[in-house]
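Chemist: Residue numbers (the UniProt record's numbering), protein chains in the order written: chain A, 1 to 124; chain R, 1 to 124. All C-beta atoms in this analysis are idealised placements derived from N, C-alpha and C, irrespective of residue type, glycine included. As the structure is a prediction and not an experimental result, all values here were calculated from the model.
2 protein chains.
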Amino acid sequence: MATTLPLTDVSPARPDEAGACCSPLVREAADPETAVELARVFKALGDPTRVRLLSVIAAHEGGEACVCDLTEPVGLSQPTVSHHLRLLVDAGLLAREQRGKWAYYSVVPGALDRLGALLTGAAG
Amino acid sequence: MATTLPLTDVSPARPDEAGACCSPLVREAADPETAVELARVFKALGDPTRVRLLSVIAAHEGGEACVCDLTEPVGLSQPTVSHHLRLLVDAGLLAREQRGKWAYYSVVPGALDRLGALLTGAAG
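(1) Interface residues of chain A around Pro79 (chain R) at Cβ under 7 Å?
(2) Listed from N- to C-terminal order along the chain, which residues in the region 19 to 47 of chain R have their beta-carbon within a distance smaller than 7 Å of any beta-carbon of chain A?
(3) Just checking: is the beta-carbon of Ala65 (chain R) within a distance shorter than 8 Å of some beta-carbon in chain D?
(4) So which residues of chain A does His60 (chain R) contact, with C-beta pairs closer than 8 Å?
(5) Cutting at 7 Å between CB atoms, please list the residues of its own chain near Trp102 (chain A), excluding the five before and the five after it.
(6) With a threshold of 8 Å between beta carbons, is Ser82 (chain A) in contact with chain R?
(7) Just the C-alpha distance for Ser11 (chain R) and Val108 (chain A), rounded to the nearest angstrom, thanks.
(8) In chain R, what lies closer than 8 Å to Leu112 (chain A) by C-beta?
(9) If you measure between the beta carbons of Thr49 (chain A) and Val74 (chain A), is that distance less than 8 Å?
(10) When the Cα atoms are used, what is the spatial distance from Glu33 (chain A) to Val56 (chain R)?
(11) Where does Pro109 (chain R) sit, in a helix, a strand or coil, going by DSSP?
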């Protein structure tokens, strides 16, 4: 996805003479498709209720909690909580498992670390 | 900030008898104020252009780039790019330093790791 536009064509006034500007790229940045995907995941976390839910689940033993334990900490109805949880599952941050009548949610191990790595190229 | 509502008051049908539900809290979840703050930072990243900008900066040598190097990768005007960069600075993800006529942006070391730690309690 690399553009073929030479950098020198777009920034003729760049202060090359200063020496400090224009440090070279040392790795590849996230491509536009990856950026869209990452932004989608971060957007799922851009809501205080969802941050609280993920945090409460992570604070439970084993990083897992029953939906029945999640309504009280956020003070919302179970349908509303389930809606928020679904967005976190869709974003790949939580896993959902149905056991009998209850749904259990667990934090996907390493999901947040992977986000950071994709973003800053630490894994690339 | 702990509520005094006994858990048993809000979820009378919880499947205690199954043994698997209602795992205990093993650490404190992010409190509501922290959740609001974290959500604000994640929201700043909930935009593909800002993800690209952060990623491009991180891909530069030393994790730092001149604003003059950032317009071309995202294909936007410098005022628009500066606006997005300001939001990332406000969120604590980037640091900005003016040198002569150019502004340089660098990734705040550990900012993303700290987010994850605050969220999942790994640092708490």
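Modeler: Considering the structure as presented:
(1) If you number the second sequence from 1, residue 79 (chain R) lands on position 79. By Cβ distance, chain A contributes nothing, its closest Cβ being about 15 Å from Pro79 (chain R), past 7 Å.
(2) Result list: Ala20, Cys21, Cys22, Ser23, Pro24, Leu25, Val26, Arg27, Glu28, Ala29, Ala30, Pro32, Ala35, Val36, Leu38, Ala39, Phe42, Lys43, Leu45, Gly46, Asp47.
(3) Given the protein chain composition of this structure (A and R), no chain D is represented.
(4) As a working note, residue 60 (chain R) is residue 60 in the second sequence. Those within 8 Å of His60 (chain R) in chain A are Ser23, Pro24, Leu25, Val26.
(5) Walking along the first sequence from the start, residue 102 (chain A) turns up at place 102. Counting only Cβ-Cβ distances below 7 Å, and skipping sequence neighbours, we find Cys66, Val67, Cys68.
(6) Position 82 of the first sequence, counted from the first residue, corresponds to residue 82 (chain A). Not one chain R Cβ lies under 8 Å of Ser82 (chain A).
(7) Locating residue 11 (chain R) in the second sequence gives position 11, counting from the first residue. Locating residue 108 (chain A) in the first sequence gives position 108, counting from the first residue. Low confidence applies here, because Ser11 (chain R) scores a pLDDT of 38, under 50, leaving its location unreliable and the question unanswered by this model.
(8) In the first sequence, residue 112 (chain A) corresponds to position 112, counting from 1. Chain R residues near Leu112 (chain A): Leu115, Gly116, Leu119, Thr120.
(9) Sequence index remark: in the first sequence, residue 49 (chain A) carries index 49 (1-based). Sequence index remark: in the first sequence, residue 74 (chain A) carries index 74 (1-based). In contact: Thr49 (chain A) and Val74 (chain A) (Cβ atoms closer than 8 Å).
(10) Within the first sequence, numbered from 1, the residue matching residue 33 (chain A) stands at position 33. Within the second sequence, numbered from 1, the residue matching residue 56 (chain R) stands at position 56. Cα-Cα distance, rounded: 14 Å.
(11) By 1-based counting over the second sequence, the position of residue 109 (chain R) is 109. Looking at Pro109 (chain R) - three-state DSSP - the assignment turns out to be coil, as it is neither helix nor strand.
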